[in-house]
Amino acid sequence: MKQGKIFLLKAAVYVMGIVILCLCVFALPTLAHEAAAMNPEFAYLQYPVLIGLYLTAIPFFYALYQALKLLNNLINNLGFSKTAVHSLGMIKHCAGSIIIIYVIGMLFLVTQNALHPGVALIGLAILFLTIMILLFSAVLQDLLKKVMSLKSENELII
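Pasting the structure below:
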């Protein structure tokens, strides 16, 4: 049963990665081109926005890689290990970098008077989801550290 749950989680990670990769390769350039054609006064922002979105894809895919490492640790019964704590820490740092890139991008668009309300809502939704991931991974990392210290104290007592 444990293997089935972990398999579903791994499948979800792979599906997320494939969907975001397809969006980055196929949808984003087309959407950016269409947005530049519909709003020629903001056409100069097409490539800076695309670069910003592609910059957020880098930590996203690295966080997915760390999530897969964490799931492999669970399969190998290494859930309470330093590598698991490290993976959670890297996921936390990736989420933080995505937050920073999105905040800088949204501030840049505000200064250019180009932050459309729909884009702002999507950006805020991504920001809040990323903040939740950051907080969740930070809490899990702290819990794992405490469990590992209790485990090492227990081993010393016995």
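The sequence shown lines up with residues 291 to 448 when you count with the working numbering. Beta carbons: idealized from backbone N, C-alpha and C, even for Gly.
query = From M396 to P349, what distance separates their C-alpha atoms?
reply = If you number the sequence shown from 1, residue 396 lands on position 106. If you number the sequence shown from 1, residue 349 lands on position 59. Cα atoms of M396 and P349: separation of roughly 18 Å, rounded to the nearest angstrom.
key: Alpha carbon of L378 to alpha carbon of A428, nearest angstrom   = Counting from 1 along the sequence shown, the entry for residue 378 is found at position 88. Counting from 1 along the sequence shown, the entry for residue 428 is found at position 138. Across the structure, L378 and A428 are spaced so that their CA atoms are roughly 7 Å apart.
inquiry  = Given this structure, state the Cα-to-Cα distance separating Q293 from M328, to the nearest angstrom.
reply    = Walking along the sequence shown from the start, residue 293 turns up at place 3. Walking along the sequence shown from the start, residue 328 turns up at place 38. Their backbone Cα atoms lie some 49 Å apart in a straight line.
query = For A301, which three-state DSSP category applies?
reply = Along the sequence shown, one-based indexing puts residue 301 at 11. Look at A301 here: in three-state DSSP terms it is helix.
task = Could you check what DSSP says for G369 in three-state terms: helix, strand or coil?
result = Position 79 of the sequence shown, counting from 1, holds the residue named residue 369. In this structure, G369 counts as coil in the three-state DSSP scheme.
ask   = Alpha carbon to alpha carbon, how far is T346 from N363?
value = Locating residue 346 in the sequence shown gives position 56, counting from the first residue. Locating residue 363 in the sequence shown gives position 73, counting from the first residue. Roughly 26 Å separates the two Cα atoms.
ask   = Is it true that the CB of K382 sits closer than 8 Å to the CB of Q431?
value = Position 141 of the sequence shown, counting from 1, holds the residue named residue 431. Position 92 of the sequence shown, counting from 1, holds the residue named residue 382. The answer is yes: Cβ separation under 8 Å.
key: I412 classed as buried or exposed, judged by whether at least 16 other C-beta atoms fall within 10 angstroms   = Here residue 412 refers to the residue found at position 122 of the sequence shown. Exposed, by the Cβ-count rule.
Environment of Y392 [buried if 16+ CB atoms lie within 10 Å] = In the sequence shown, the residue the question calls residue 392 occupies position 102. Flag for Y392 reads buried.
ask   = Closest to V248 by CA distance: which of E443, V339, L446 and A357 is it?
value = No answer is possible for residue 248: the residues shown for the chain start at 291 and end at 448.
request  = Using beta-carbon positions only, say whether L361 and A385 come within less than 8 Å of one another.
outcome  = Along the sequence shown, one-based indexing puts residue 361 at 71. Along the sequence shown, one-based indexing puts residue 385 at 95. The beta carbons of L361 and A385 sit no closer together than 8 Å.
query = In chain order, what residues of the same chain have a beta carbon less than 7 Å from the beta carbon of L434, not counting five sequence neighbours either side?
reply = For the purposes of this step, residue 434 is taken as residue 144 along the sequence shown, with counting starting at 1. Listed in chain order, the non-local C-beta contacts of L434 below 7 Å within the same chain comprise F370, A374, V375 and L378, local neighbours out to five positions each way being set aside.
request  = Leaving aside the five residues before and after Q336 along the sequence, list all residues of the same chain whose C-beta is less than 6 Å from its C-beta, in chain order.
outcome  = Sequence index remark: in the sequence shown, residue 336 carries index 46 (1-based). Take Q336, set aside five residues on each side of it, and the residues of its chain with a beta-carbon closer than 6 Å to its own are A322 and A326, in chain order.
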